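Visitor: In the working numbering, the protein residues as written are 4 to 124.
Pasting a structure here, questions to come.
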């Protein structure tokens, strides 16, 4: 069973994503900010991480930087899921090794789950 970590500060969005991934057969853990997400990631060792950029306490790019400092975290596929289509944020995220950058309004929850699932096969 593939494992995914959802790091999203919006509780409704996080719940919808977690439920959709579970319904699709994933083992799922969740976190509401980057600091918590980093701790969960290092313990849970997911096969993929779905990461929001704009979060309190620790934002997504900071979490991504810290994750990539860990030996285990260097090769983990990370998909950014955000409301920000700001080109500088996209460029920075891609520079740091994210595999996908999804703007929340562009895809349905089911489409997001499908894309992550295809990526992990």
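Backbone N, C-alpha and C define an ideal beta-carbon position, used for all residues, glycine too.
The structure displayed is predicted, hence computed values, not measured ones.
#1: Taking one C-beta from the stretch 8 to 26 and one from the stretch 35 to 45 each time, how about it: are there three or more such pairs within less than 8 Å?
#2: What separation, rounded to the nearest whole angstrom, lies between the Cα atoms of residue 4 and residue 49?
#3: Assuming contact is defined by CB atoms lying nearer than 9 Å, are residue 85 and residue 114 in contact in what I supplied?
#4: In or out: residue 2 buried (at least 16 other Cβ within 10 Å) or exposed?
#5: Can you give the beta carbon distance from residue 71 to residue 103, rounded, assuming they're within the 8 Å contact cut?
#6: Would residue 47 and residue 116 be called neighbours here (beta carbons separated by less than 9 Å)?
#7: Between the Cα of residue 36 and the Cα atoms of 75, 19, 94, 65, which residue gives the shortest distance?
#8: Taking the alpha-carbon of residue 97 as reference, which of 75, 110, 68 has the nearest alpha-carbon?
#9: Measure the alpha-carbon distance for residue 63 versus residue 124 and round it to whole angstroms.
#10: Going by other Cβ atoms of all chains shown within 10 Å of its Cβ, with 16 needed for buried, is residue 52 buried or exposed?
#11: Just the Cα atoms here: how many angstroms apart are residue 79 and residue 73?
#12: Looking only at its chain, what residues have a beta carbon closer than 8 Å to the beta carbon of residue 19, apart from the 5 residues adjacent to it on each side?
Guide: Well, looking at it:
#1: yes
#2: The count along the chain shown starts at 1 and reaches residue 4 at position 1. The count along the chain shown starts at 1 and reaches residue 49 at position 46. Each residue's Cα considered, the two are about 11 Å apart.
#3: Taking the first residue of the chain shown as 1, we reach residue 85 at position 82. Taking the first residue of the chain shown as 1, we reach residue 114 at position 111. In this structure, residue 114 does not lie closer than 9 Å to residue 85 by Cβ.
#4: Because residue 2 is not part of the residues shown, which for the chain are 4 to 124, the question remains open.
#5: The sequence position of residue 71 within the chain shown is 68, counting from 1. The sequence position of residue 103 within the chain shown is 100, counting from 1. 16 Å between Cβ atoms; not a contact.
#6: To locate residue 47, count along the chain shown from 1; it is residue 44. To locate residue 116, count along the chain shown from 1; it is residue 113. No, the pair does not count as a contact, with Cβ atoms beyond the cut-off.
#7: The sequence position of residue 36 within the chain shown is 33, counting from 1. Closest by alpha carbon: 65.
#8: Counted from its first residue, the chain shown places residue 97 at position 94. It is 68.
#9: As a working note, residue 63 is residue 60 in the chain shown. As a working note, residue 124 is residue 121 in the chain shown. Answer to the nearest angstrom: the Cα atoms are 25 Å apart.
#10: Counting from 1 along the chain shown, the entry for residue 52 is found at position 49. Residue 52 should be labelled buried.
#11: For the purposes of this step, residue 79 is identified with residue 76 of the chain shown, where counting begins at 1. For the purposes of this step, residue 73 is identified with residue 70 of the chain shown, where counting begins at 1. Going by the C-alpha atoms only, they are around 10 Å apart.
#12: The residue given as residue 19 occupies position 16 in the chain shown. Answer for residue 19: 112, listed in chain order.
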